[in-house]
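As structure tokens, the structure follows; a few thoughts come after it.
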Amino acid sequence: MGSVFEYLINIKNKKGAGYLVLIDPDKQDIESASVFASQSVEAGVDALLVGSSFLMSDRLDDVVKNVKDISGLPVIISPGASNHISRYADAILFLSLISGRNPEFLIGEHVKAAPTIKRHGIEPIPTGYMLVEGGSCTSVQFISATLPIPRDKSDIAVAHAIAAEMLGMKCVYLECGSGSPQSVPNEMITAIKEQIDIPVIVGGGIVKPEMANEKVKAGADFIVTGNILEKEGNISLMREFANAIHSIS
7 MGSVFEYLIN
17 IKNKKGAGYL
27 VLIDPDKQDI
37 ESASVFASQS
47 VEAGVDALLV
57 GSSFLMSDRL
67 DDVVKNVKDI
77 SGLPVIISPG
87 ASNHISRYAD
97 AILFLSLISG
107 RNPEFLIGEH
117 VKAAPTIKRH
127 GIEPIPTGYM
137 LVEGGSCTSV
147 QFISATLPIP
157 RDKSDIAVAH
167 AIAAEMLGMK
177 CVYLECGSGS
187 PQSVPNEMIT
197 AIKEQIDIPV
207 IVGGGIVKPE
217 MANEKVKAGA
227 DFIVTGNILE
237 KEGNISLMRE
247 FANAIHSIS
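So the sequence shown is numbered by the numbering used here: it starts at 7 and just counts up by one.
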């Protein structure tokens with residue numbers, strides 16, 4: 007496979023926006039993750055994210071290898087820590103938690119992970135990761151000991167996104183957290199998109215296809231869902247999300 011990032015950009019240019027589905031190895035065993043991956047292809051998903059805040063299970067490698075073989079889609083690690091790496095992955099979101107001020111999640115974990123990523127030839131995608139207030143304390147917020155950006159402070163979010171672009175990051179990822187009661191405000195997405203040229207990924211709290219469609223209209227280049235699909239577990243909902251996300255061109 008060539009550059010995963012270039013593949014994603016081509017998807018965005020061709021379809022208007024891309025649809026990424028998150029598989030959590032702590033919540034899905036190898037068999038269920040494999041079924042999920044197969045359904046993702048049929049539903050029109052563009053790439054698979056694999057990751058967890060904790061990663062308490064030891065099946066990351068097996069999950070990544072199986073979903074990659076079954077789906078043929080790019081498999082991208084969305085890591086919660088420096089040890090959340092699989093040599094079978096095509097790429098990894100090299101996440102820098104720029105919304106917080108914890109040095110471990112700004113650079114510390116990256117230094118630990120970099121040699122392993124390089125050794126396995128995994129494509130790093132430098133990403134400015136921004137937690138946005140979503141109505142509850144998320145796992146990432148708790149573990150990272152950082153505060154999210156207030157959902158009514160778009161100006162703060164914009165400043166962080168501009169800084170990410172100036173630092174050379176390839177994209178920004180706005181997230182309220184898995185299972186969040188609220189999603190990233192559309193107004194915040196628009197404000198950010200008006201000020202930067204790098205892709206904007208949005209996830210967390212997006213529970214309906216209509217919401218995903220609104221995020222894309224607001225300026226999101228990629229939409230991430232995971233928790234709602236784990237709960238509902240049906241391919242028809244996944245297909246509805248894909249259609250809603252790809253309908254904007």
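Positions of the beta carbon are idealized from the N, C-alpha and C atoms, including for glycine.
Here the structure is a predicted model, which means the values were calculated and not measured.
| Straight-line gap, G210 to P121 (C-alpha atoms, nearest Å) | Answer to the nearest angstrom: the Cα atoms are 30 Å apart.
| task | Kindly identify the DSSP beta-bridge partner or partners of G134. | result | S102, V178
| field | Neighbourhood of S186 by C-beta distance below 8 Å, restricted to the same chain and skipping five residues each side | value | G140, G141, S142, T144, G210, G211
| field | Enclosing beta strand (DSSP E) for A53 [first to last residue] | value | From DSSP, the beta strand (DSSP E) with A53 extends over 53-56.
| With contact counted as at least three CB pairs below 8 Å, one residue from each stretch, are the region 35-48 and the region 83-96 in contact? | No contact exists between the region 35-48 and the region 83-96.
| query | To the nearest angstrom, how far is it from the Cα of P215 to the Cα of G114? | reply | 37 Å
| field | Residue from S40, C177, N16 with nearest C-alpha to Q201 | value | C177
| request: List the DSSP bridge partners of F228. | output: G24, I207
| Which whole-angstrom value is the C-beta distance of V206 and I195, which I expect to be below 8 Å? | 6 Å
| What residues are listed by DSSP as bridge partners for E246? | Under DSSP, E246 forms no beta bridge with any residue.
| task | Output yes or no for whether 8 Å exceeds the beta carbon distance between V51 and V69. | result | Cβ atoms of V51 and V69: not closer than 8 Å.
| task | With DSSP collapsed to three states, give me the class of V10. | result | helix
| request: To the nearest angstrom, report how far apart D96 and V230 are at their CA atoms. | output: 18 Å
| query | With respect to 7 Å, is the separation between the Cβ of V222 and the closest non-hydrogen atom of the ligand MN below this value? | reply | Ligands in the displayed structure: none, and consequently the ligand MN is not present.
| task | Report the partner residues of E139 according to the DSSP bridge assignment. | result | None; E139 has no bridge partner.
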